[in-house]
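**Student:**
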Amino acid sequence: MRKIILSILGLLIIVASVFIAKMIIDSKSNSRPRVEKVVKTVFTEKVQNGIVPIMVPANGNLMAKSRMELYSEVQGVFRGTTKLFRPGQIYRRGESIIRIDAAEYAANVQSAKSNLYNQLTSIMPDLRLDYPELFPKWQAYLNGFDMAKATPQLPEMSTEKEKFFISGRGILTT
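Following this line, the structure appears as structure tokens:
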């Protein structure tokens, strides 16, 4: 008995859902609403050709069209000029942009020259005893070495023994 009641109840639910679905489908209308034509009023003016000034107000950071990167070829301490060295500063042709005090760099160069001269001087006795044929060439180089001028190029090393001796004493790295 119970099975019969449940099966009839299930059948009624299915039939009711089919009728409700059919009613929902039939109630859907596919007609589109009519669009009313709207006439807009437009104001016109006669054109007069002429110059129109363009003014664009803007805020923010400005980037230069032609940017330059500056690199210092010497080391030293930055010295100020009459103009501040900042982005956006205008400089004229031939005007000094920055000044660098290269005294410290020059002192380092002089120190390196002095170290080279001292190392050359320290190997001269060994050259005289071990390699007497090489001694005159290096003695002439040492005599022509001037601390106030640019460092002359080292004499050309003709033999492997000479190369090993000179590089072993740290002359080439100085």
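Heads up, the final residue of the sequence shown is numbered 257 in this note's numbering, and it's a clean run with no missing numbers. A virtual CB, placed ideally from N, CA and C, is assigned to each residue, including glycine.
(1) From R211 to R162, what does the alpha carbon distance come to, in whole angstroms?
(2) Identify the continuous alpha helix (DSSP H) that holds I108 and give its terminal residues.
(3) So who's on the other strand from V160, going by DSSP bridges?
(4) Going by C-alpha distance, which of Q131, N142, A189 and Q172 is nearest G159?
(5) Tell me the rounded alpha-carbon separation between I91 and V121.
(6) Helix, strand or coil for T211, going by three-state DSSP, please let me know.
(7) CB-CB under 6 angstroms to L95, same chain, minus the five flanking residues each way: which ones, in chain order?
(8) For G227, name the three-state secondary structure that DSSP assigns.
(9) Among the residues of its own chain, which have a CB less than 8 angstroms from the CB of G227, if the five just before and after it don't count?
**Tutor:** In this structure, then:
(1) On the sequence shown, residue 211 is found 128 positions in, with the first residue counted as 1. On the sequence shown, residue 162 is found 79 positions in, with the first residue counted as 1. Cα to Cα, the separation comes out at about 49 angstroms.
(2) Reading the sequence shown from its first residue, position 25 is the one you call residue 108. It spans R85 to S110 - the alpha helix (DSSP H) in which I108 sits, taken as one unbroken run.
(3) The sequence position of residue 160 within the sequence shown is 77, counting from 1. D184, per the DSSP bridge assignment.
(4) Here residue 159 is taken as the residue at index 76 of the sequence shown, counted from 1. The shortest C-alpha separation from G159 is found at A189.
(5) Counting from 1 along the sequence shown, the entry for residue 91 is found at position 8. Counting from 1 along the sequence shown, the entry for residue 121 is found at position 38. Rounded to the nearest angstrom, the two C-alpha atoms are 60 angstroms apart.
(6) Taking the sequence shown and counting its residues from 1, one reaches residue 211 at position 128. Correcting the residue type first, residue 211 is Arg in the shown sequence and not Thr. R211: helix per DSSP, three-state reduction.
(7) Stepping through the sequence shown from its first residue, residue 95 is reached at position 12. So the list is empty, once near-sequence residues are dropped.
(8) Locating residue 227 in the sequence shown gives position 144, where the first residue counts as 1. Residue state, collapsed to three classes: coil.
(9) For this step, residue 227 is matched to residue 144 along the sequence shown. Once the five neighbours on either side are set aside, the close Cβ partners of G227 are P235.
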